[in-house]
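Shown next, in structure tokens, is the structure this report addresses.
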Amino acid sequence: MEEKMLETSILKELNHLSLKNFVKFYLFNHQQPDLFFKLDEFLQDIKKIQPEVEIIYKTEPIEPSPMLKVTNISDEISIYYLAIPKGPEWPPFFQILQAISTNQSFLSPRDKNKIKKVNKPVKIRVFIMPRCSFCPLVVTLATQLAIAQPLIQTFIIDGSLYPEVAQQYKITSAPTVVINEDYFLVGEDGKEKLIDWILKAGETTYDPEVLRSLLNQGKAERIVELCLKEEGYLMSLLTLLKHEKIFTRIGAMRVLEELFDKSPRLAEKIMPYLLKMLETSEKRDKDDLLFLLGIIGTPEAIPKLHQIAQTTSSTIREAAVEAIEHIKERYGEFH
Numbered sequence: 001m002e003e004k005m006l007e008t009s010i011l012k013e014l015n016h017l018s019l020k021n022f023v024k025f026y027l028f029n030h031q032q033p034d035l036f037f038k039l040d041e042f043l044q045d046i047k048k049i050q051p052e053v054e055i056i057y058k059t060e061p062i063e064p065s066p067m068l069k070v071t072n073i074s075d076e077i078s079i080y081y082l083a084i085p086k087g088p089e090w091p092p093f094f095q096i097l098q099a100i101s102t103n104q105s106f107l108s109p110r111d112k113n114k115i116k117k118v119n120k121p122v123k124i125r126v127f128i129m130p131r132c133s134f135c136p137l138v139v140t141l142a143t144q145l146a147i148a149q150p151l152i153q154t155f156i157i158d159g160s161l162y163p164e165v166a167q168q169y170k171i172t173s174a175p176t177v178v179i180n181e182d183y184f185l186v187g188e189d190g191k192e193k194l195i196d197w198i199l200k201a202g203e204t205t206y207d208p209e210v211l212r213s214l215l216n217q218g219k220a221e222r223i224v225e226l227c228l229k230e231e232g233y234l235m236s237l238l239t240l241l242k243h244e245k246i247f248t249r250i251g252a253m254r255v256l257e258e259l260f261d262k263s264p265r266l267a268e269k270i271m272p273y274l275l276k277m278l279e280t281s282e283k284r285d286k287d288d289l290l291f292l293l294g295i296i297g298t299p300e301a302i303p304k305l306h307q308i309a310q311t312t313s314s315t316i317r318e319a320a321v322e323a324i325e326h327i328k329e330r331y332g333e334f335h
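Each residue of the sequence shown is one higher than the last, beginning at 1 in full-length UniProt numbering.
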């Protein structure tokens, strides 16, 4: 006997849904015919139970594909599924159908008021995996946000079905939420902080937490790109040199090293800021800054380093002398 795409219990729940208005599905196809046929069968099974569902096939190239778009009759809602709901993923999907058909999201009044502040397009990518217990909660919030605010596009992506997309974003755990390419939320943060971070993404901001999120996801090249484009990001990156987490500090230093390999003039621009930061009384921070100056420091730093080398702390003195030597190796002797 041929296996059914939808289980009997799911078919019963679908049958109990009361859809007051049409719900539209667009099925985009360009490659992976096996996956396309699975998605098509999935939609056909739904339509048998809920004739209010409309299916429209699109053949133009789109990446990644195949892909489902769920929307209302006027195409104002943008929810994309690169996934096929299973098990605990069904309730969020049912809520999508119900909310679209009634033109009313399930968000709380407080959250609805919050997202009214969004005034520019925002893309949310929610990466899920099979047997992920927390994923449905994040999917529910992310999709309901797209229903309540037309400027929000939500993509639900099953990393096991679309491994190339998960690899592109360096996804290592689920749920992981990516907002506008640069904001990463992992695990419970995907639900707890999602709305606040959407609001951040809609502003012109150089929040250090954005850069820290990218560091945690191994996106150093993206930080370099942002810093070269906007000086505000560079200044935010400098604040991470004093972060309490050692891996954040090391990550920031490595990014700065790569950044100045690409654009040495930026070293001169931030040198006054680094020298000012050296006035800290925190030995940990001073050690890190001296190490960094040994890598990217300019001759401008040498007088300050000579002054620090007079300190009574042997480790600080050695670090300052070593930094001076490295700078002289790069620029030659200075008198």
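We put the CB at the ideal spot given by N, CA and C, even for glycine. Source: prediction; values computed, not measured.
It is roughly 17 Å from the alpha-carbon of T154 to the alpha-carbon of L161.
Going by beta carbons, K242 and E279 fall outside the 9 Å limit.
Cβ-Cβ distances below 6 Å link A309 to R317, A320, V321 in the same chain, with the five nearest sequence neighbours on each side left out; the list follows chain order. Contact between R249 and D288 holds: their C-beta atoms lie close to 6 Å from each other, under 8 Å.
With a contact defined as Cβ atoms closer than 8 Å, K123 and N180 qualify at about 6 Å. Taken in chain order, the complete alpha helix (DSSP H) segments of 4 or more residues contained in the stretch 252–294 are 265–277.
With respect to the 9 Å criterion, D40 and L11 are not classified as neighbours on the basis of their beta carbons. When DSSP states are grouped into helix, strand and coil, T176 belongs to the strand group. When the beta-carbon positions are compared, I56 and L14 stay at least 9 Å from each other.
In terms of Cα proximity to N21, the closest of T59, L43, P66, D75 is D75.
Looking at the DSSP output, F25 bridges to I55, V70.
Residue environment analysis places E257 among the exposed positions, since fewer than 16 neighbouring C-beta atoms fall within 10 angstroms of its C-beta. Within the same chain, Cβ atoms closer than 6 Å to the Cβ of S105 are found at A99, Q144, I147, A148, the five residues on either side in sequence being excluded.
Per DSSP, reduced to three states, the secondary structure at Q104 is coil, with no helix or strand assignment. Secondary structure note for K123: it is in no alpha helix (DSSP H), and the uninterrupted beta strand (DSSP E) holding it is 122–128. Put simply, of L275, K170, K69 the residue whose alpha carbon is nearest the alpha carbon of A220 is K170. By the Cβ neighbour-count rule, E89 is buried, with 16 or more other Cβ atoms within 10 Å of its own. Considering only T315, S314, P299, S313, the residue with the shortest C-alpha distance to I327 is P299. The straight-line gap separating the alpha-carbon atoms of K229 and S263 is approximately 12 Å. In the structure shown, the three-state DSSP call for F134 is coil. S78 has Q153 as its beta-bridge partners, per DSSP. Under DSSP, the beta-bridge partners assigned to V186 are T176. Each residue's CA atom was taken as its position, placing E188 and A301 some 44 Å apart.
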